[in-house]
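Colleague: Going letter by letter, the sequence shown gives residues 222 to 519 in the numbering used here.
Where is the CB? At the ideal position from N, CA and C, for every residue including glycine.
All figures in this text were calculated on a predicted structure; none of them were measured in a lab.
Quick one: this structure, given as structure tokens, is what I'll be asking you about.
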Amino acid sequence: MRRTAALNDTPLYCLDAFGERAEQSLFYIETLQEHLQRHPFVSKSHRHDFYLGLYVSRGIGTHTIDFVDYPVKSNSFYLMTPGQVHSWNLSPETDGYFFFFVPAFYQMGQQESDLTAFPFFQSFHPSPYIQLPGCDSVIDLIIQEMLKEYKTPPQARPDLPLLRSYLEVVLRKLARERDVSVRGDGTPNATHKLRKLEELINHHYRELKQPHEYAELMNLSASYLNNVCKAVVGKTLSDLIHARIILEAKRFFSYADLTISQVAVKLNFADPSYFIRFFKKHTGLTPEQFREQINRPL
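Structure representation (structure tokens):
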């Protein structure tokens with residue numbers, strides 16, 4: 222039975238929304254055309270509680286991920302983390318593959334396996350779109366093999382370690398294609414700290430808004446952590462905290478029928494007037510102007 226949860230009035234889909242095998246395997250793969258036909262509920266803006274990969278083998282259109290429009294072209298890839306909101310506008314002939322998985326599937330008992338090691342899964346380096354220079358026969362073949370293995374007869378079970386190995390190869394090849402510009406201090410130690418900070422901000426951004434609060438959680442000084450942020454991603458610690466708050470505010474204003482005061486409360490701002498000033502400072506728009514821009518009345 223399809224299960225969804227509401228968050229910001231945006232549907233949140235879990236793996237069991239896509240069948241019993243997906244729920245049991247912690248993994249799912251299907252052709253794009255078949256996926257859209259079987260699950261028409263994904264045609265509107267939504268989010269997932271799992272990682273997502275979309276490979277477009279042919280077609281054109283637009284894929285919108287967290288308010289950014291990305292072109293849809295042949296041989297393009299889109300990789301998303303849990304919680305991101307997306308929608309699309311695709312030409313009728315567009316086809317390819319969707320695959321979904323949860324962290325437990327990727328780790329498969331290997332605690333050192335860290336998905337945030339891939340640049341397209343790092344929120345401080347937002348890069349969900351990868352345009353392959355041409356048809357990558359290896360990636361194409363592996364994805365076809367993934368689909369074939371996943372669709373073993375009902376009485377049999379997919380070889381999950383094999384599926385996981387296929388996934389690892391695809392992600393590693395895509396990471397190689399991704400042009401990542403590493404700033405200043407890109408040492409493993411600094412990168413590890415940024416990944417931990419990313420996790421903490423995503424978990425605490427509603428109640429913790431000061432740099433020193435995150436530094437304390439990491440047993441570091443605020444000045445040192447701020448220097449790491451500037452060296453690795455070129456932004457201050459405050460910039461990263463504020464960007465996460467603004468992203469969630471935009472999601473509320475786009476997908477939920479809430480007043481400005483209600484959004485301020487949900488984001489733990491005691492004063493709606495201060496929240497309005499905060500939003501305008503970081504977006505250049507008032508909440509009213511932002512909703513007008515996306516054609517959502519207040």
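#1: Counting Cβ pairs closer than 8 Å, one from the stretch 293-311 and one from the stretch 263-271, do we hit at least three?
#2: Measure from the alpha carbon of Ser444 to the alpha carbon of each residue in Val453, Leu438, Leu458, then state which is nearest.
#3: Considering only C-alpha positions, which residue in the set Phe320, Asp460, Val486 is nearest to Leu300?
#4: Spatial neighbours of Leu336 within its chain, please: C-beta separation below 7 Å, excluding the five flanking residues on both sides.
#5: Pull up the distance between the alpha-carbon of Gly455 and that of Asn448, whole angstroms please.
#6: For Gly274, which residues of its own chain have a beta-carbon under 6 Å away from its beta-carbon, when the five flanking residues on both sides are left out?
#7: Could you give the distance in angstroms between the alpha-carbon of Asn489 and the alpha-carbon of Pro508?
#8: Counting along the chain, where does the alpha helix (DSSP H) carrying Asn423 start and finish?
#9: Could you give the distance in angstroms between the alpha-carbon of Phe500 and the alpha-carbon of Leu468?
#10: Starting from His307 and walking both ways along the alpha helix (DSSP H), at which residues does that stretch end?
#11: Leaving out the 5 sequence neighbours to the left and right, which residues in its chain are closer than 7 Å to Val391 when beta-carbon positions are compared?
#12: As an exercise, report each continuous alpha helix (DSSP H) stretch of at least 4 residues that is fully enclosed by the stretch 348-390, in chain order.
#13: May I ask you to report which of helix, strand or coil DSSP gives Asp287?
Modeller: Reading from the atomic positions:
#1: yes
#2: Leu458
#3: Phe320
#4: Tyr272, Pro324, Tyr327, Phe342
#5: 9 Å
#6: Leu300, Phe320
#7: 16 Å
#8: 409-425
#9: 10 Å
#10: First-last for His307: 307-311, but that is the beta strand (DSSP E), not the alpha helix (DSSP H).
#11: Ile360, Ile363, Ile364
#12: 358-371
#13: coil
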